[in-house]
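J.: Below is the structure I would like to discuss, written out as structure tokens.
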Amino acid sequence: MVFKTFNVGLVWAIAALINATNQQRPNIVLIIADDLGWDDVSFHGSAQVLTPNIDLLAYSGAALQRYYTHSQCSPSRAAMLTGKYAHRLGMQGHPIVVSEDRGIPLNEKLLPQYLKELGYATHLVGKWHVGHSREAYLPTSRGFDSHFGHRSGFIDYYEYIIEEKLSTGKVAGLDLYRNLTPAWDVEGYITDVYTHEALKLIKYRDKNKPFFLQLAHSAPHSANEGAPLQAPPELVRAMRHVELGERRLYAAMVKKLDDSVSQVVEALEQEEMLNNTVIVFISDNGGMTEGFTRNWASNWPLRGLKSSPFEGGIRAAGLIWFKDIHYADDPTWKGRMHSVDWLPTLLKAAGGGKVEGIDGVNLWDSILRGDSASRYEHVEIDDYTGYAAITLGKYKLITGRTVPAHSKCKYGDELRGVIGQPPSYETALENSVVYAVLKRTGKPLDVEWMMKKRLLLTIDCGDVPGNQSSCGTEEDKVSLFNIDEDPCERRDLSKILPEVVQQLHRRITEEWDKRVPRIVPMVRDPKSKPSLHNYTWTTWIDDTLSN
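When the letters of the sequence shown are read in order and numbered with mature numbering (1 follows the signal peptide of the UniProt record, and there is no 0), they come out as residues -23 to -1, 1 to 524.
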């Protein structure tokens, strides 16, 4: 009897210790925007598209001014979830299309799986886009306790369908799910729908567990070809200071995104979670000003678009907020970060250990301290399109065939027009929800000080002396840029610094040889056709993979 009593007491003691440890771990809320351009957040200087709630998190946390991703959505999300470059997973290049049988290999361990081992409740709201043809690829098979959202690249903002051209012609189907069940009953604008789902998860969470929420919005990605930009009419009318009609619609879509961030922050405060929550806001890649999936985003003044290795494609908006992050004069974290770094960085924040065999670097302590310790190198390989790029220190080498329409020097200038006097940025900050929340929590808030911070976060490329011919596009061209001095990549240094070209070329060749090659062309499986599955895009392959 004594032995049994001792065991019961021991069990209670262990349970109490686990509960105490769990309560000490920070909650993590990871908010991902889809195809948001560099110039589409006002903390980068935009006077046209105002994002005061997002901005305030950057000003009172750490603005990731040198945050890099892969150039397209499936690769960047795969890198974030695994801590590995996409080309080492076979996930590089063109994103997964809705009729394609491909996903993150099943032998890869994902961020939510690591967090579950630390006692976290794990939830995904919104976009997945790293495999959906088989049930084994789905979020609830890869470490998430729940998923409400779309599995593929984008959806209609009101009807939640996605259209695709198969060999038989254009088809359409629903792509909105509660775990494994089609969400036919849902109504509303999808940004609002995802926000409300996130708020419910925050309110009704298991309070005995730390909380991980990945809120992956569709906004401001374009919808189907017939109606690529969609926003509530009353918000579009409120954007009448924006000159171009398409850009006005886009600005309203971003306004909804900013509102979502404010509601999440306010809910965290109301649930007394904010002071123990790490908040991350990032874009998955650069914006798409031109071409397929065009959404009229602007990466100004950076060169290039989504799906290019230029800065406009891979240098994205990003920030991290935590109560212990305090930068006195400059909100900019001086280091360089890549999407592969989120897994080890967030695991360190959660109290986890080091992960071996990944490309990501743990940057948590560096961000807390505000020092410049960071990664020195990052790579971008797309053997589907046929290009490779490496950034090593201040130099960046691009080789191969970039898409000409995505690679020009100037994009977005024509989108920046404002009619009359733009809205007051200072007033937008002071009237924002996050301003009120942070004021109550004691974070320092001085509008004049924040305006000075904003100047520090704005890129001014100015006039770059020397050869401007690099703004042209040629197949199989080798280009070299000093991105510290020339962030807009206007001056090609490859002829001037051949020894640097050789050094970086050797390194990118090594990385190219480590890739898992892409299948070209991609295979669109006719068995995925929605009419065969009650007009839904669902799993259509039932066998179990052994990869």
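Note that beta-carbon positions come from the ideal geometry of N, C-alpha and C, so glycine has one too. From a predicted model like this one, the values you see are computed outputs, not experimental measurements.
What are the boundary residues of the alpha helix (DSSP H) that GLY377 is part of?
T.: No alpha helix (DSSP H) contains GLY377, which is instead part of the beta strand (DSSP E) from 372 to 377.
J.: Between which two residues does the beta strand (DSSP E) containing GLU112 stretch?
T.: Here GLU112 belongs to no beta strand (DSSP E), and DSSP marks it neither H nor E.
J.: Return the first residue and the last residue of the beta strand (DSSP E) that TRP298 is part of.
T.: From DSSP, the beta strand (DSSP E) with TRP298 extends over 295 to 298.
J.: Per DSSP, TYR364 is paired with what?
T.: The partner list for TYR364 (beta bridge, DSSP) reads ASP359, GLY377.
J.: My output table needs one value for VAL257: the three-state DSSP class, helix, strand or coil.
T.: In the structure shown, VAL257 sits in a strand (DSSP, three-state: E or B).
J.: Which full runs of the alpha helix (DSSP H) of 4+ residues lie inside the segment 209 to 275, going along the chain?
T.: Here the runs fully enclosed are 210 to 214, 222 to 247.
J.: Using the Cα positions of THR158 and THR513, report the straight-line distance between them to the nearest angstrom.
T.: In a straight line, the C-alpha of THR158 is about 10 Å away from that of THR513.
J.: Put PRO159 into one of helix, strand or coil per three-state DSSP.
T.: It is a strand residue.
J.: Would you call SER508 buried or exposed, if buried means 16 or more other Cβ atoms sit within 10 Å of its Cβ?
T.: When all chains shown are included, SER508 counts as exposed.
J.: I need the DSSP call for SER343, collapsed to helix, strand or coil.
T.: Helix.
J.: For the putative contact between ILE5 and LEU245, defined by C-beta atoms under 8 Å, what is the C-beta separation to the nearest angstrom?
T.: The pair is not a contact, with the Cβ atoms about 11 Å apart (cut-off 8 Å).
J.: What does the Cβ neighbour count give for LEU433, buried or exposed, with the cut at 16 atoms within 10 Å?
T.: Result: exposed.
J.: Specify the secondary structure class of LYS283 as computed by DSSP and reduced to three states.
T.: Note: LYS283 maps to coil in three-state DSSP.
J.: Excluding sequence positions up to five away, which residues of its chain have a Cβ less than 6 Å from the Cβ of residue 537?
T.: This structure leaves residue 537 out entirely; the chain is present only between -23 and 524.
J.: Mind checking whether PHE189 and LEU34 have CB atoms under 8 Å apart?
T.: No, the pair does not count as a contact, with Cβ atoms beyond the cut-off.
J.: Would you identify the three-state DSSP class for ASN201, choosing helix, strand or coil?
T.: Coil at ASN201, not helix or strand.
J.: Look at SER349 and GLY312 and say whether their C-beta atoms are less than 8 Å apart.
T.: In contact: SER349 and GLY312 (Cβ atoms closer than 8 Å).
J.: Could you spell out the range, first to last residue, of the alpha helix (DSSP H) harbouring ALA55?
T.: 50 to 59 is the span of the alpha helix (DSSP H), which, as asked, contains ALA55.
J.: State the Cα-Cα distance for the pair THR266 and TRP15, rounded to the nearest angstrom.
T.: So the two alpha carbons sit approximately 11 Å from each other.
J.: To the nearest angstrom, how far is it from the Cα of THR145 to the Cα of PRO503?
T.: Rounded to the nearest angstrom, the two C-alpha atoms are 8 Å apart.
J.: Under three-state DSSP, which class holds GLN191?
T.: Residue state, collapsed to three classes: strand.
J.: Distance, Cα to Cα, LEU221 vs PRO464?
T.: Going by the C-alpha atoms only, they are around 27 Å apart.
J.: When DSSP builds the beta bridges, which residues end up paired with LEU101?
T.: Answer is HIS124, GLN191.
J.: Spatial neighbours of SER505 within its chain, please: CB distance less than 6 Å, with the 5 preceding and 5 following residues excluded, ordered by chain position.
T.: Same-chain partners within the cutoff: SER76, TRP517.
J.: According to DSSP, simplified to helix, strand and coil, what is HIS64?
T.: Note: HIS64 maps to helix in three-state DSSP.
J.: According to DSSP, what are the bridge partners of HIS482?
T.: Bridge partners of HIS482: none, in fact.
J.: Have a look at SER275 and THR404 and give me their C-alpha separation to the nearest angstrom.
T.: Distance between the alpha carbons of SER275 and THR404 is about 24 Å.
J.: Does the beta-carbon of VAL107 have 16 or more other beta-carbons within 10 angstroms, so that it is buried, or is it exposed?
T.: Flag for VAL107 reads buried.
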